[in-house]
Amino acid sequence: MKPSLNNVRLRDKMLLLYFLAVFLPILITNLIFYNVTSGSVREQRIQDITVTLEQMKNEFRREVEDALEISSVFYTDVQLNEIVETVYDHPADYIEAYDTYLRRILNSGSAVYNSVSEITVYVDNPTLLYSGGINYIDGQVKEEAWYKAIAGKNVTQPIVMRTGKNGELDSFSIIRSMNYFSSQDDHTKYLKIDMRMPSIRQIMSNLNVQGKVYLLSGAGNIEYTTDPKVDVTQGAVPYSSIAHGDKFLEFHTDTFTTNNLNTWTIMAVTPEDVVLRDVHQSLRFVIVLTCLNFLLPSLVIVWISRSLNVRLVRILKHMKKVKNQNYDTIQEAEARDEIGQLTGEFNRMTLQLESLINDVYVADIQKKNLELQRRHAQLNALQSQINPHFLFNALETIRMRSLMKDEDETARIIHNMAKIFRNSLVWKKDMVTLKEEVEFIHCFLEIQKYRFGDKIDYSVHAPAEEGHLQIPKMAIVTFVENASIHGIEPLKHGGRIEVRVVREGESLICTIQDNGAGMSAEKVERIYRYLETEDEMGERIGIQNVVYRLKLYYGSRFRFEIDSSPGQGTRVKLSIPIET
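Following the working numbering, the numbering of the sequence shown begins with 102 at its first residue and continues without gaps.
Shown next as structure tokens:
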């Protein structure tokens, strides 16, 4: 069986369309864009760091080579060698030679050469005055690391090594044996050129490398670093002993030489998140762009789908109302699309259907009215056979004879009986005033009083100013009759019926209470159940008829309550809406 979209709700179809036509394409496109962009940014960042390291290598090599060239100048300086080799008879002779030449080339070296901090010549000639760049090779000098590295070795090439004072190796120096010229005295001479460390620090602290930089010797020892945790001033520290953590990227230059004795490598260790920072910025840009790409299509699709879904749901709701015989039309602005045309056709169909049903109902009601009139005619015919005037005249004659015999009580009861008969025979009058209903209650209770004598007593209270209000005929007297027959009649004496009518807001509250036999809770519950299921109540069918009539008139606005218990009497409460 082929899958069909006909069974999928319209809202779900719009969501499916949005997911397949908008969400997935935008998501896939932006993922591809992010991967390409992040790869390019990563490669560019790595290339920038590599280029920076290469630049650092070139600048450092240039600094060292400049210092090496200066050492070569001093190494081949004939006059310098003659001055330090000469044995002076008097110090003044040395001072004159020093002032003539040495002072200029030694003391101004740091000012003339940018890569040089200090130039010192160490010599074991005791006839020299040791100051201003000329030092004597004494026991303290012989304990220096640089002296031990070059002393006693027939090395013509300069050595680049770390040196310092007070045991701290905090600078780079060019160490060279001055053995270019030979003489008859042949004193030991060494040239020590200290490089300018601020220039080296500036080279190694390039801002383009956001990490730690290491200058390694050919043996793999750290000669200089920007890592504050690594102390290289106390001696050699192998690079392999340094722990960098979990996520880092390592860059290095090719091994390069500055002379025949020194090889170098510059290493850079950068945290991975620093290298990928630009990638993360690219990710944020892609996320923002994706959200913007989602926002506008989403708003458009929600707007369009709402225009379709809301109006279709409204049509469906009104169709369900038509099924329940509610023929309301759809009230909305006229639209020209297909749903607007469907709404217009639905309204026309509803109006036509309502018109047809009303015509059928009118015809049916007319037919029922004819049937009722026919039955009324039959009842009137029966009544005419009985001739109520004859009955009223007979009762009036009996009453007059009773008055003539001074039987006032009997005359009053017959008068009440005539009122009751006359009221009962008015078939077409279903609504009476509250005043007429109260008079009817008085007539009925007077007759019951005549029947039972002192066994029954009663009171009727109703507001005279509300006597004009219309209520259904016998709406109250039926419950009074029920209280008399089923409540008071079983008693031997002391029966009482109280009828009270008050107005509360837009309702008349009618209370009928007796102190008669009462009813059990089961019987009260059974009466409520009869009224709900419309089953026959037997001897209390009058109550059932009255409640049905009141419900027909007032619907759910009518309220009916019974409160009763055996031996305690019964209280019936009616809430009848007031209608002008």
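Glycine included, each C-beta is placed from N, C-alpha and C at the ideal position. Predicted, not measured: the structure shown is a model, and the values here were computed from it.
Three-state secondary structure (DSSP) of residue i
{"i": "Asp460", "result": "helix"}
{"i": "Ile679", "result": "coil"}
{"i": "Phe491", "result": "Interpretation of Phe491 is limited by its pLDDT of 45, a score under 50 that renders its predicted location unreliable; the figure taken from the coordinates is listed afterwards. Reduced to three states, the DSSP call for Phe491 is helix."}
{"i": "Lys422", "result": "helix"}
{"i": "Val142", "result": "helix"}
{"i": "Ala369", "result": "strand"}
{"i": "Gln645", "result": "helix"}
{"i": "Tyr281", "result": "coil"}
{"i": "Phe273", "result": "strand"}
{"i": "Ser306", "result": "coil"}
{"i": "Glu662", "result": "strand"}
{"i": "Asn322", "result": "strand"}
{"i": "Thr391", "result": "helix"}
{"i": "Gln453", "result": "helix"}
{"i": "Pro339", "result": "strand"}
{"i": "Arg385", "result": "helix"}
{"i": "Leu397", "result": "helix"}
Inter-residue CB distance, residue i and residue j (contact presumed, cutoff 8 Å)
{"i": "Tyr119", "j": "Ile402", "result": "5 Å"}
{"i": "Arg415", "j": "Ile431", "result": "6 Å"}
{"i": "Val331", "j": "Glu351", "result": "Actually they are not in contact, since the Cβ atoms of Val331 and Glu351 sit about 15 Å apart, beyond 8 Å."}
{"i": "Ser218", "j": "Asp295", "result": "4 Å"}
{"i": "Met518", "j": "Ile548", "result": "7 Å"}
{"i": "Met298", "j": "Ile276", "result": "Contact doesn't hold; Cβ gap of about 16 Å is too wide."}
{"i": "Ile598", "j": "Val581", "result": "7 Å"}
{"i": "Phe161", "j": "Ile301", "result": "7 Å"}
{"i": "Gly240", "j": "Leu207", "result": "Actually they do not touch by this definition, with Cβ atoms about 23 Å apart."}
{"i": "Thr354", "j": "Glu155", "result": "6 Å"}
{"i": "Asn616", "j": "Gly643", "result": "Actually they are not in contact, since the Cβ atoms of Asn616 and Gly643 sit about 21 Å apart, beyond 8 Å."}
{"i": "Ile577", "j": "Lys674", "result": "With 8 Å as the limit, Ile577 and Lys674 do not qualify as a contact, their Cβ atoms being about 11 Å apart."}
Distance, residue j Cα to residue i Cα
{"i": "Asn410", "j": "Gln148", "result": "56 Å"}
{"i": "Leu181", "j": "Thr264", "result": "24 Å"}
{"i": "Tyr649", "j": "Ala622", "result": "22 Å"}
{"i": "Gln614", "j": "Arg672", "result": "4 Å"}
{"i": "Leu169", "j": "Ile133", "result": "54 Å"}
{"i": "Thr153", "j": "Asn360", "result": "23 Å"}
{"i": "Ser342", "j": "Thr364", "result": "20 Å"}
{"i": "Glu324", "j": "Leu270", "result": "9 Å"}
{"i": "Ser272", "j": "Thr289", "result": "24 Å"}
{"i": "Pro227", "j": "Tyr176", "result": "21 Å"}
{"i": "Thr358", "j": "Val310", "result": "23 Å"}
{"i": "Arg601", "j": "Gly441", "result": "60 Å"}
{"i": "Asn280", "j": "Leu362", "result": "17 Å"}
{"i": "Asn131", "j": "Ala122", "result": "15 Å"}
{"i": "Asp664", "j": "Val625", "result": "8 Å"}
{"i": "Ser560", "j": "Val539", "result": "11 Å"}
{"i": "Gly336", "j": "Ala198", "result": "40 Å"}
{"i": "Asn267", "j": "Ala246", "result": "11 Å"}
{"i": "Leu116", "j": "Cys392", "result": "18 Å"}
{"i": "Ile220", "j": "Val179", "result": "17 Å"}
{"i": "Leu390", "j": "Phe124", "result": "13 Å"}
{"i": "Asn159", "j": "Tyr237", "result": "36 Å"}
{"i": "Lys550", "j": "Thr511", "result": "12 Å"}
{"i": "Ile196", "j": "Tyr248", "result": "27 Å"}
{"i": "Ala565", "j": "Phe541", "result": "15 Å"}
Residue i, buried or exposed, once every other Cβ within 10 Å from all chains shown has been counted against 16
{"i": "Glu680", "result": "exposed"}
{"i": "Gly619", "result": "buried"}
{"i": "Trp404", "result": "exposed"}
{"i": "His594", "result": "exposed"}
{"i": "Tyr629", "result": "exposed"}
{"i": "Met532", "result": "exposed"}
{"i": "Ile171", "result": "buried"}
{"i": "Ala344", "result": "exposed"}
{"i": "Tyr223", "result": "buried"}
{"i": "Arg407", "result": "exposed"}
{"i": "Tyr291", "result": "buried"}
{"i": "His562", "result": "exposed"}
{"i": "Ile388", "result": "exposed"}
{"i": "Ile677", "result": "buried"}
{"i": "Glu186", "result": "buried"}
{"i": "Leu308", "result": "exposed"}
{"i": "Phe545", "result": "buried"}
{"i": "Asn470", "result": "exposed"}
{"i": "Pro667", "result": "exposed"}
{"i": "Glu164", "result": "buried"}
Chain C contact for residue i (CB, 7 Å cutoff)
{"i": "Asn361", "result": "Although the question refers to chain C, the structure presented lacks it and comprises just one protein chain."}
Residue i beta carbon near the ligand MN (any heavy atom closer than 6 Å)
{"i": "Gln453", "result": "No copy of the ligand MN occurs in the structure displayed, which carries no ligand at all."}
Practice task
Quick one: which unbroken alpha helix (DSSP H) runs of 4-plus residues sit fully inside the region 209-247? Chain order, please.
Solution key: 210-213 and 240-243
Exercise for the section: Note down, one range per segment and in chain order, each alpha helix (DSSP H) of at least 4 residues found wholly within the region 535-590. Expected result: 535-553 and 578-583
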